[in-house]
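Down below is the structure, laid out as structure tokens.
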Amino acid sequence: MNWEWDAVQDFMPLFWDGLWVTLKATFWGTVIAFVLGLIWAIAQRSPFRWVRWPVNAITEFIRNTPLLVQLFFLFYVLPEWGPSWSPLTTGIVGLGVHFSTYTAEVYRAGIEGVPVGQWEAAKALSLSRVRTWAVVILPQAIRRITPALGNYVIAMLKDSPMIAIIGALDMLGQAEV
Amino acid sequence: MMTRGMFETYFLPGVWITIQVTLYSALMAAVIAFVIGTMRTSQLWIVRFISGTYFEIFRGMSALVFMFWLVFSLPLIFQWQLVPMFAGVLAMGLTYGAYGSEIVRGALAAVPVAQREAGLALGFSRFDRLRRIEIPQAWPEMVPPLNNLLIELLKCTALVSTITVADMTFAGNLVRIGESESAPIYTLLLVVYFVMAFIITRGMRVVERQAKAGIGQAPPRTSFWEKLSLREPGGEGTTGAPSKIGGAQ
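Residue numbers (this note's numbering), protein chains in the order written: chain A, 1478 to 1654; chain B, 147 to 395.
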């Protein structure tokens, strides 16, 4: 067997389709990771310890176990309890949830970087909790963490091939039947 | 449920393979990280250029695709083949070595310039300066980020299951097919990975404490919950107490 450039030209259309799937997975994974990460980060600053502890425990566990095994878990175990998703959906949810625990950490650093005076000023102006977060804290926090979040988008792009593994296993499974 | 025979025939050897792959690729990554990291602080532009190129190439590549390339494309191009486990170790060692070199470079750059100048004034050679002055002082700075990297490497080893290396994840899939039951085996897998990551973190805390004591800094103070946490203490947040630098051990 040899290396043939003709073969490369033959599979180019297939390759463009695959590139589109990669971009789609990265995009939706990013959306989930950014939104869910923010929710984790805010929950970790909750005044109630029965909110903080479970959230801390869950994020620690997700951060310290492999994404591949999590994808297997989502793909094979979840259908036993209810939802049965396509490999792509499973992959997007898996990527998004896995990286949300990393972005949560980035958000945390950004939120802690906002000077205490800003919190006190919001309190002095008697802004509600929601307005304090939405108008005062988050705009300042997000501005300083944008570069760090960008790193995780790239990491997600590079980890998206793992979706192909559960996709391939799915096809193997169909062949067995 | 997984029978005892399955556990002993498939799962335990898988755990051992995972440990081996982690160990070998960590060793390889450590060597590359130190070599490339110190090269990137060199005075010569050509040395910086070569190491910088290496870093940019391997940082930007997906470890999984690189592994596949080593196993499936390399035999076509060069007519010889790598043992799958070696291919996995090579892919992860090269990739994580690139990440590690950035940590080494950053920590070396954080050593005060006066230290280097003092070394020059005392007539130390470049190698002796690195070995006796710069690396010992940069080492405690490196340990926490290297710990994070090591845990990422551990998690990355699950990928070698896709190139037919019979690691823990591979064994888990075998048992899953044999038992046609997914939930217990994958839960067990996740827990075992978590326990391994926890052990690594505890070990690296000890290394960090010794490294800090070695250059006369106080060990980091941690509360009970921080001790249980796998997260590195003292991020860039403003809420933490200022660290004591130069306190007697």
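In this text, a Cβ means the ideal position worked out from N, Cα and C, and glycines have one as well. Just so you know, these numbers come straight off a predicted model, no measurement behind them.
Please list the terminal residues of the continuous alpha helix (DSSP H) segment that includes residue i.
| i | result |
| --- | --- |
| A:TRP1558 | 1555-1558 |
| A:GLU1537 | 1526-1540 |
| B:GLN227 | From DSSP, B:GLN227 is part of no alpha helix (DSSP H); its letter is neither H nor E. |
| A:VAL1570 | 1564-1590 |
| B:ARG348 | 329-360 |
| A:PHE1595 | The amino acid at residue 1595 of chain A is misidentified as Phe; the sequence shows Gln. Looking at the DSSP string, the run of the alpha helix (DSSP H) that includes A:GLN1595 is 1593-1601. |
| B:MET314 | 314-325 |
| B:TYR200 | 191-205 |
| B:ALA209 | 209-214 |
| A:THR1503 | 1482-1521 |
| B:TYR156 | Run containing B:TYR156: none; DSSP gives neither H nor E here. |
| A:VAL1630 | 1615-1636 |
| B:ALA284 | 281-302 |
| A:GLN1547 | 1544-1549 |
Is it buried or exposed, residue i, if we count other Cβ atoms within 10 angstroms and call 16 or more buried?
| i | result |
| --- | --- |
| A:SER1523 | exposed |
| B:LEU158 | exposed |
| B:GLU280 | buried |
| A:ALA1641 | buried |
| A:MET1489 | exposed |
| A:THR1623 | exposed |
| B:ALA267 | exposed |
| B:PHE273 | exposed |
| A:ASN1628 | exposed |
| A:GLY1495 | exposed |
| A:GLN1547 | buried |
| B:THR164 | buried |
| A:ALA1518 | buried |
| B:PRO221 | exposed |
| B:LEU190 | exposed |
| A:TRP1530 | exposed |
| B:GLU382 | Because the pLDDT at B:GLU382 is just 41, under 50, the model does not fix this residue reliably, and the value given afterwards should be weighed accordingly. Result: exposed. |
| A:GLY1527 | Note on identity: in this sequence residue 1527 of chain A is Trp, with Gly being the wrong assignment. So A:TRP1527 counts as exposed. |
| B:SER271 | exposed |
| B:ILE361 | exposed |
| B:THR149 | exposed |
| A:LEU1500 | exposed |
For the ligand GTP, is there any heavy atom lying closer than 7 Å to the beta carbon of residue i?
| i | result |
| --- | --- |
| A:GLY1594 | Among the ligands in the structure shown, none appear at all, so the ligand GTP cannot be discussed. |
Let me see if you follow: with CB-CB separation under 8 Å, is residue i close to chain E or not?
| i | result |
| --- | --- |
| A:ASN1628 | Absent here is chain E; the protein component of the structure consists of chains A and B. |
- Task: Closer than 7 Å, Cβ to Cβ, to anything on chain A: give me those residues from the stretch 284-302 of chain B, in chain order.
- Result: From the stretch 284-302 of chain B, only ILE297, LYS301 have a Cβ closer than 7 Å to chain A.
Contact residues within the stretch 1543-1556 of chain A, judged by C-beta distance below 8 Å to chain B: PRO1543, LEU1544, LEU1545, VAL1546, GLN1547, PHE1549, PHE1550, TYR1553, VAL1554
Could you run through the stretch 325-346 of chain B and flag, in chain order, every residue whose CB is less than 7 Å away from some CB of chain A?
-> SER328, ALA329, TYR332, LEU335, LEU336, TYR339, PHE340, ALA343
Enumerated in chain order, which unbroken segments of the alpha helix (DSSP H) with a length of 4 residues or greater are wholly contained in the stretch 227-271 of chain B? 230-256, 259-267
Worksheet entry | Residues, ordered as in the chain, of the stretch 301-325 of chain B that lie near chain A by beta-carbon distance below 8 Å | LYS301, CYS302, THR303, ALA304, LEU305, SER307, THR308, THR315, GLY318, ASN319, ARG322
Practice prompt. Check distances from the C-beta atoms of the stretch 207-224 of chain B to those of chain A and list, in chain order, the residues that come in under 7 Å.
Written response: SER208, LEU210, VAL211, LEU222, ILE223
Practice task
Anything in the stretch 1631-1644 of chain A with a Cβ closer than 9 Å to a Cβ of chain B? List those residues in chain order, please.
Solution key: ILE1631, LEU1634, LYS1635, ASP1636, SER1637, PRO1638, MET1639, ALA1641, ILE1642
* What are the residues of the stretch 1514-1547 of chain A that lie near chain B, defined by any Cβ-Cβ distance shorter than 8 Å? -> ASN1533, GLU1537, PHE1538, ARG1540, ASN1541, THR1542, PRO1543, LEU1544, LEU1545, VAL1546, GLN1547
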